[in-house]
Structure formats: structure tokens, C-alpha cells
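Participant: Pasting a structure below so you can have a look.
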Amino acid sequence: MAQSEGERLFIQICRACHTVGEGRLVGPDLLNVTKRRSEEWLLSFIKSSQTVIKNGDNDAVDLFKEFNQIIMPDQTLSQSQIKSILTYIEGIVVDKTKTVSGTEQFKLQNKEGLNIGKLRAEDFIQARKLFSGDIRLINNGPACISCHNVVDDNLISGGLLAKDLTSAYKRLGGEMALNSIITNPPFPVMAAAYANNPITPDEAFLLTAFLYKANKDSIFQWTHKDYQNSFLKNGIITAFVLFGGFGLLWWNRKRKSVNHHIYKRQLKTK
């Protein structure tokens, strides 16, 4: 059967953070969402959740607080596209006897059948190197550290473009949510970065494992200080000191053009 537009958009944009009848992920389970909320509300919230929240809508504010104040990205979808997603969700038939909730619904495993709790120390080292770019991603996508920072004494500070991921495992709700985001990124910049360079399932497993360990071990790390902001501040101060020092050091050197001094000598000889 050909894939409908609603199904395609749901898989592309929504599935990383939402399920239908399989429990909560980063965001709420969308089963019966069209019965819980009006179409007008859903259209507005999906288009720009933060606009609805900032306008003081009580349901939107409560939802935002319930899910750890994780910002749902604004969408460039048209109303007809959003309606097609809602129609697709309405049409999903869920076997209620198999519906589960919480983190028990999912155990992430690698191709060898091992879950994160069974990994060896060398596996986590490989995962860290994959995050840092010491090991290249198979499809040549950018290393995570280019945009993200993680507090780890074995890593240099990461990029400032996106959020710090030290506590992402806890903040986003565990391995299922993280793995979904890594394999099917809902964030525009991340989606564009990996559109033609997708992360493989094995790589996603290792990156999820790294973030699990980073969250677990963060209390033992020394690098809790925000070095990124202090580095920027100290860099600006140092630049001012250097430029000021150079100016004072060479205050009497060549303040005027060579021609000016020649002209002054000629005036004195007259």
C-alpha cells in the first residue's frame, strides 16, 4: 500500500518524539489526541508550540511543564499537511492489550543482542570516540561534538550551536527517546546535517550508550564549570589587554607618515 502524506510526515517529523498507543517518549503518546484537543488548538500548537505557550494557554503550559520544558520545534508545515498527520493518527488501530507505557516498553539492543547495561568498558570508549569524531561516522556525517558539549574529562569542550547533552539521557526520557532522535532527528539543523549522511542503527546505539554513561558519570567529572562561557569572556578580555599593550608599547612609533617628517625637515631649512 502506498504511503499517505500524513504517514510520511509523521515518520519524518513526529515519530522521533511521539508514539501512537505505545507510551510516552520525549513527548506525549498521541493516541486519541484529536479527541482530547480541538482541531484549532492542535493546528496552532503543532505549528508553533512556544507561541501558544507564551500566549498563556493553560493546557499548553501544563504540557510543557509535564515534559521537562523540552521545546517542540516550530514547523513549516501547511494546515493541510498538519491535518493529514492528524488524519493518519486517527486511523491507527491500536491493540490495547499490547499497549504499554513508560520505559519498560523498549530495550535498545545492538546487532549482537546486547543492551546498554551489558556493554564492556571498551565499548563505551568506542562510543565516546564516535561522539568526538575520533572514529568517523560510516556515512561521513558531522561528529556530534561539533554542535554539542558533554561534560567528560576525556573530551574537549564541544560546540555551542546546540544544547549540552550531559544530562540528555535523563532529560529526554531514556534510551528509546534518545535513539529515536538520533536516528530520525526532528530538529531542523540536525535533520539537514544528516539528511544525506544518516547515522546507522549501530552508531545510534553506541551514541545512546555514550550519553547514558555521560549522564550516569557526570557527578564524578571535574569539568562541571562552564568553560565555554568563561573561555569566551577571558578571550575578549585578553584581546583588549593585548591590543592596549601593543598601543602603549608602540605609542611613539610611526604615528605619522614618512612624508610628514620629510615635509617638516624641508620647512626647517627655509
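In the working numbering, the protein residues as written are 1347 to 1616.
No residue lacks a Cβ here, since even glycine has one placed at the ideal position from N, Cα and C.
With DSSP as the reference, label N1525 as helix, strand or coil.
Facilitator: It is helical.
Participant: Which partner residues does Q1349 have in the DSSP bridge list?
Facilitator: None, per the DSSP bridge assignment.
Participant: Would the beta-carbon of N1530 fall within 8 angstroms of that of N1485?
Facilitator: Going by C-beta atoms, N1530 is not nearer than 8 angstroms to N1485.
Participant: Measure the alpha-carbon distance for E1582 versus I1528 and round it to whole angstroms.
Facilitator: The sequence given here has Ile at residue 1582, not Glu. Approximately 35 angstroms, taken between the alpha carbons.
Participant: Throw me the rounded Cβ distance for the L1553 and C1490 pair, which I believe falls under 8 angstroms.
Facilitator: With a Cβ gap of about 7 angstroms, L1553 and C1490 count as contacting.
Participant: In terms of DSSP beta bridges, what is N1461 paired with?
Facilitator: Paired residues: Q1455.
Participant: Closest to F1410 by C-alpha separation, out of L1518, A1550, N1525, would be which residue?
Facilitator: If we check each option's Cα against that of F1410, L1518 comes out closest.
Participant: Would you call the segment 1420 to 1432 and the segment 1398 to 1406 in contact, with 3 or more CB pairs under 8 angstroms?
Facilitator: Counting Cβ pairs under 8 angstroms, fewer than three are found: no touch.
Participant: Looking only at its chain, what residues have a beta carbon closer than 7 angstroms to the beta carbon of E1450, apart from the 5 residues adjacent to it on each side?
Facilitator: For E1450, the predicted model reports a pLDDT of 45, less than 50, meaning its position is unreliable and no value from the coordinates is stated.
Participant: May I ask you to report which of helix, strand or coil DSSP gives I1399?
Facilitator: Reduced to three states, the DSSP call for I1399 is helix.
Participant: Let me know if L1578 comes out buried or exposed under the rule of 16 or more other beta-carbons within 10 Å of its beta-carbon.
Facilitator: Exposed, by the Cβ-count rule.
Participant: Could you have a look at C1493 and say whether DSSP puts it in helix, strand or coil?
Facilitator: Coil, per DSSP.
Participant: Drop a sphere of 10 angstroms on the beta-carbon of R1482, count the other beta-carbons inside from all chains shown, and report buried for 16 or more, exposed for fewer.
Facilitator: So R1482 counts as exposed.
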